[in-house]
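Notes follow the structure.
Residue numbers (the numbering used here): -3 to 343.
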């Protein structure tokens, strides 16, 4: 049985780094115990409404970002990873790796409309391209694939084979180009959104393990979240134009386009590095905000300018069996997932 409960939120002070006089900015973090069962991957914030969609393994929690209160639950999403919102079409979509489907649901009622079969397998990331009005899926298939879905009908409209079996974040420029991070090859691939033709591949050194991605369209700059040094890439030339130091364990990053702020969540370190874009090739770290270990993904509401991260809560680890040997790599066994905390970052 799933029990949802909320405790009174408490606020912790942000740790600030100030690489230059006047560069630091104060952020606050509210924490809500949102309970619930299941693992966690991506988060999506619906612009302006306060609703936050949180993947939880077999279901998607819809939580009020202002109070931590549960607003709804989207079920039958086996091994769900991501949630994409097509605001114009009033549709939502989840990537279900467990049965290789996408659940299309009504964005107002949260009721399911259809489960769409995606034969590529390995469903993971998802984003909405406002220009073509398509959903873009990045799939950990063999080989890796990118798939497009028509946001109105849910029909598969295109598929591309990628150079790596672990494609992660994707972004579009609004003019027909798509960019995809490849975690295993440390590259960005460029595709035509409409034809799904691969146009090029760019190395991202010194970035290792690129995952989350965002794109600032006016400056034509791509932000790629990496293991400990993220990079900024010129979306025209593919050149790495800036490096950003961050904590370890970045998965999905967030970008507030109007405030020019990049949010880099480090799940291993338990922090979010917040970086201001001062110019196309100039970036200043303005804060390092403490969250919780395991908070590896983030979502930013571009209207309210609030960012959301989630960390799981685990119960006691099981006692080792008599005579059991130490696990390979020295990792201690983990206890069962018994709930989660949602952290809300604002300033």
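The beta-carbon is built from N, C-alpha and C at its ideal position, and this holds for glycine as well. Since the structure is predicted, the reported quantities are computational estimates derived from the model, not experimental observations.
If you compare the alpha carbons of 270, 246, 173 and 107 with that of residue 252, the shortest gap goes to 270. In the DSSP assignment, residue 230 falls within the beta strand (DSSP E) that extends over 225 to 230.
Exposed is the label assigned to residue 127, since fewer than 16 other Cβ atoms lie within 10 Å of its Cβ. For residue 309 and residue 293, the gap between their C-alpha atoms comes out near 16 Å. Closest option to residue 135, judged by alpha-carbon separation, among 121, 125 and 145: 121. By the criterion of a C-beta distance shorter than 7 Å, residue 139 is surrounded in its chain by 157, 158 and 161, once the five residues flanking it on both sides are discounted. Distance check between residue 205 and each of 91, 54, 69 and 178 places 178 closest, using alpha-carbon atoms only.
By a beta-carbon distance limit of 8 Å, residue 97 contacts residue 111. Their separation comes to about 5 Å.
Using a Cβ-Cβ distance cut-off of 8 Å, the region 236 to 254 and the region 211 to 226 are in contact, since at least three pairs of beta carbons, one from each stretch, lie closer than that value. The continuous beta strand (DSSP E) containing residue 77 extends over residues 76 to 82. Distance from the CA atom of residue 189 to the CA atom of residue 267, rounded to whole angstroms, is 34 Å. Annotation: the continuous beta strand (DSSP E) that includes residue 212 extends over 209 to 212. Contact check for residue 336 against residue 36 passes: the beta carbons are separated by less than 8 Å. Residue 342: member of the beta strand (DSSP E) spanning 333 to 342, first to last residue.
The three-state secondary structure of residue 98, taken from DSSP, is strand. Annotated three-state conformation of residue 237 is strand, per DSSP. Residue environment: residue 102 is assigned as exposed (fewer than 16 neighbouring CB atoms within 10 Å of its CB, all protein chains considered). The Cβ neighbour count for residue 51, taken over all protein chains shown within 10 Å, is at least 16; the residue is labelled buried. For residue 160, no beta strand (DSSP E) encloses it, and the DSSP letter there is neither H nor E. Proximity of the region 19 to 29 to the region 39 to 50 falls short of the contact definition, fewer than three beta-carbon pairs being nearer than 8 Å. A Cβ-Cβ distance of about 27 Å is found for the pair residue 61 and residue 217, leaving them out of contact under the 8 Å criterion. Under DSSP, residue 215 takes part in no beta bridge, so it has no partner. The beta carbon of residue 181 sits closer than 7 Å to the beta carbons of 159 and 160 from its chain, once the five residues preceding and following it are set aside; these are given in chain order. The three-state secondary structure of residue 21, taken from DSSP, is coil. With respect to the 8 Å criterion, residue 231 and residue 175 are classified as neighbours on the basis of their beta carbons.
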